[in-house]
Amino acid sequence: DQQVKQNSPSLSVQEGRISILNCDYTNSMFDYFLWYKKYPAEGPTFLISISSIKDKNEDGRFTVFLNKSAKHLSLHIVPSQPGDSAVYFCAATDQSKLTFGKGITLSVRP
Amino acid sequence: GAVVSQHPSWVICKSGTSVKIECRSLDFQATTMFWYRQFPKQSLMLMATSNEGSKATYEQGVEKDKFLINHASLTLSTLTVTSAHPEDSSFYICSARDRRGHEKLFFGSGTQLSVL
Numbered sequence: 770d771q772q773v774k775q776n777s778p779s780l781s782v783q784e785g786r787i788s789i790l791n792c793d794y795t796n797s798m799f800d801y802f803l804w805y806k807k808y809p810a811e812g813p814t815f816l817i818s819i820s821s822i823k824d825k826n827e828d829g830r831f832t833v834f835l836n837k838s839a840k841h842l843s844l845h846i847v848p849s850q851p852g853d854s855a856v857y858f859c860a861a862t863d864q865s866k867l868t869f870g871k872g873i874t875l876s877v878r879p
Numbered sequence: 063g064a065v066v067s068q069h070p071s072w073v074i075c076k077s078g079t080s081v082k083i084e085c086r087s088l089d090f091q092a093t094t095m096f097w098y099r100q101f102p103k104q105s106l107m108l109m110a111t112s113n114e115g116s117k118a119t120y121e122q123g124v125e126k127d128k129f130l131i132n133h134a135s136l137t138l139s140t141l142t143v144t145s146a147h148p149e150d151s152s153f154y155i156c157s158a159r160d161r162r163g164h165e166k167l168f169f170g171s172g173t174q175l176s177v178l
């Protein structure tokens, strides 16, 4: 049973435009959500997080939105840059362990 | 920022041999380390949780006799894949949680294991 779902395997956007990466979860016990960025053959690096008591968290070009009633979160990157091209993992925790989605490959075209 | 060092970054071995992967937290103490496994185009799957000074907790379906985990100090955890077989070929990633309890995990760079 996949508790964290990233249903789109890939996304391609033009440089300068907005990238919107979506994530859905099923476990209502999750109370903290994180996004990680991963380059090939490297470990994931933390990008941004959000607590379940908030609905938005912003850090520079990155904003994460949380809709608890829909069990949905999204990562917005604006403006998108070619260096943002990577795999993005959504993760959620109920304070015991992190559960990851399958990831989405973002390609930013120059 | 916090750094987690994982070695080796890649290893090729013959079937039946054992492979040890090290995970070190370089500038913080980690009471808990996690070991993940990732198949191509798949999610990071948690294999086990390693607590310093105690036995590791394995996820369902992960053979503890196959994947030996040792967390002997606050800065080092090791994963040994015993009697490796081709189906064990995968990308293994460790992560460490700062003992101060931050939710964010810090990840090693991963180990690509190829078993011939």
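Protein chains in written order, with my numbering: chain A, 770 to 879; chain B, 63 to 178. Where is the CB? At the ideal position from N, CA and C, for every residue including glycine.
| Asked | Found |
| --- | --- |
| Interface flag, A/K871 vs chain B, CB-CB below 7 Å | yes |
| Alpha-carbon spacing of B/G123 relative to B/S112, whole angstroms | 16 Å |
| With 16 other Cβ atoms within 10 Å as the buried cut-off, status of B/F101 | exposed |
| Interface residues of chain A facing B/T111 [CB-CB closer than 7 Å] | K866 |
| Three-state secondary structure (DSSP) of B/D160 | strand |
| Against chain B: residues of the region 799-813 of chain A by CB proximity under 9 Å | Y801, L803, Y805, K807, A810, E811, G812 and P813 |
| Neighbour list for A/F858 in chain B, Cβ cutoff strictly below 8 Å | S105 and L106 |
| Euclidean distance between Cα positions of B/F168 and B/Y120 | 20 Å |
| CB contact below 7 Å: B/K126 versus chain A | no |
| Nearest candidate by alpha-carbon position, reference A/I873, set A/Q771, A/P778, A/V773 and A/Q772 | A/P778 |
| Residue environment, A/M798, which counts as buried when at least 16 other CB atoms sit within 10 Å | exposed |
| Beta-carbon proximity check, B/E114 vs B/H133, cutoff 7 Å | yes |
| Inter-stretch contact at 8 Å, needing at least 3 Cβ pairs: the region 786-797 of chain A / the region 845-856 of chain A | yes |
| Nearest neighbour of A/S818, chosen from A/F802, A/K807, A/K837 and A/K774 [CA to CA] | A/F802 |
| Interface partners of B/K82 on chain A, CB under 9 Å | Per Cβ cutoff of 9 Å: no residues; B/K82 is ~18 Å from chain A at best. |
| Boundaries of the beta strand (DSSP E) in which A/K807 is found, first to last residue | Y801 to K807 |
| Closer than 7 Å to chain A by CB, B/I131 | no |
| Check whether B/V177 and B/A158 have beta carbons under 7 Å apart | no |
| Among A/R830, A/K807, A/P879 and A/F869, nearest to B/M109 - alpha-carbon criterion | A/F869 |
| Exposure of B/R86, with buried meaning 16 or more beta-carbon neighbours within 10 Å | buried |
| Secondary structure, beta strand (DSSP E): runs of 3+ residues fully inside the region 89-158 of chain B | 92-100, 106-113, 129-135 and 138-143 |
| In DSSP terms, what A/D793 is bridged to | A/K774 and A/H841 |
| Per DSSP, the bridge partner or partners of B/Q68 | B/C85 |
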